[in-house]
Structures are given as C-alpha cells and as structure tokens.
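*Asks:*
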Amino acid sequence: PRVRDIMNRQVISITEDEEIRVAAKRLLKDETNHLPVLDGNGTLVGIITTYDVSKAVVTDGKLRQVKDIMTRNVIKTTPDEPVDVAARKLEQNNISALPVVDATNRVVGILSAIDLGKLFGGRR
Ligand code: SAM
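Numbering (this note's numbering), first residue to last: 461 to 584.
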C-alpha cells in the first residue's frame, strides 16, 4: 500500500503567527498530538506537537507564538510513497506522524503511527 491508502485527510493545522495557547487548545479540542504549521500562503513551514507545547510551558516564558517553538525541519511524506518507507521515517526519527504534502508543499493529509496500526489491526 501507499501513503494515500491509509493517510488521514482531515488535517487540523495552525498558522505560524498564532499564540502557543491557541495551539494548546486545538490539540486538546481535537485530541490530536500533531499540528502541521502553515505560513500565510498555506505552505507547510513547521510542525508543533504536545511535546513542544509542554516544553514551552516549563522553559522560557517569553515564547509566545507557534513559530517560536515549532520544529522547522519537517520530516514529511507524499501520497505516492510506499507505506513501509514512511514507517521507517517514523521509526528512525523517533516521531509519530508525518505531514503528507503535494508537489507545492501543501498539506493534503497526515500519516500517524495509529494509521499504520490499522494495516495490522484488521479494521472491522
Ligand atoms: N516520540 C515523541 C513524538 O513522537 O512526538 C516525542 C519525541 S519527538 C523527537 C518530539 C519532537 O519531534 C517535537 O519537537 C516535534 O516537533 C518533533 N516532530 C514530530 N513530528 C515531526 C516531523 N514529522 N518532522 C519533524 N519533527 C517532528
């Protein structure tokens, strides 16, 4: 299978100028652990996770915006990538989700370890 076969197309994202607090609320409300971060043009520029928000809380109180704490070097995948290649990216980088981007770096989905689990769990 390819990433497109199991990715989640309902992507919840955030823009880089939002306050960290907004990211925290969105993570809680939508029960997700990863938010792809977009710039004003809708292009992927980072990723923020519950881990990053927690870290911001216990460190520098001057950090205000998503762009201050997001990870900029995003490890991503594409709809056509074989699932086993994407799974290896998760494992080798100790992360649990990959934004799925098209040729113009727009987010078209998200692939998480949970989606991969469905391949083996016998979704009924
Ligand atoms: N294992 C946990 C997890 O999956 O989130 C915590 C460790 S992981 C190294 C935490 C860091 O990885 C966070 O700073 C987060 O921004 C970053 N991260 C998560 N997904 C990422 C991705 N697809 N590309 C780049 N960094 C990512």
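Note that beta-carbon positions come from the ideal geometry of N, C-alpha and C, so glycine has one too.
Everything numeric in this text was worked out from a predicted model, so none of it was measured.
With ALA557 as the anchor, note down where its beta strand (DSSP E) starts and where it stops.
*Replies:* 557-561 is the span of the beta strand (DSSP E), which, as asked, contains ALA557.
*Asks:* Do ILE570 and PRO496 come within 8 Å of each other at the CB atom, strictly closer than that value?
*Replies:* For PRO496 and ILE570, yes; Cβs fall inside 8 Å.
*Asks:* Please state whether the Cβ-Cβ distance between ILE474 and LEU523 is less than 8 Å.
*Replies:* no
*Asks:* On a CA-only basis, which of VAL568, GLY581, THR519 and GLY577 is nearest GLN470? Give me that one, please.
*Replies:* VAL568
*Asks:* Can you list, in chain order, the residues of its chain whose CB lies under 8 Å from that of GLN525, leaving out five sequence neighbours each side?
*Replies:* Cβ neighbours of GLN525 beyond the five flanking positions: GLU476, ASP477, GLU478, GLU479 and ILE480.
*Asks:* By the 10 Å Cβ neighbour count, where 16 or more other Cβ atoms means buried, how is SER572 classified, buried or exposed?
*Replies:* buried
*Asks:* Give the C-beta separation of ALA483 and VAL513 to the nearest angstrom, bearing in mind that I take them to be a contact with Cβ-Cβ under 8 Å.
*Replies:* 6 Å
*Asks:* Which complete beta strand (DSSP E) runs does the stretch 500-548 hold, if anything under 3 residues is left out?
*Replies:* 504-509
*Asks:* So, is THR537 buried or exposed, given that buried needs 16 or more other C-beta atoms within 10 angstroms?
*Replies:* buried
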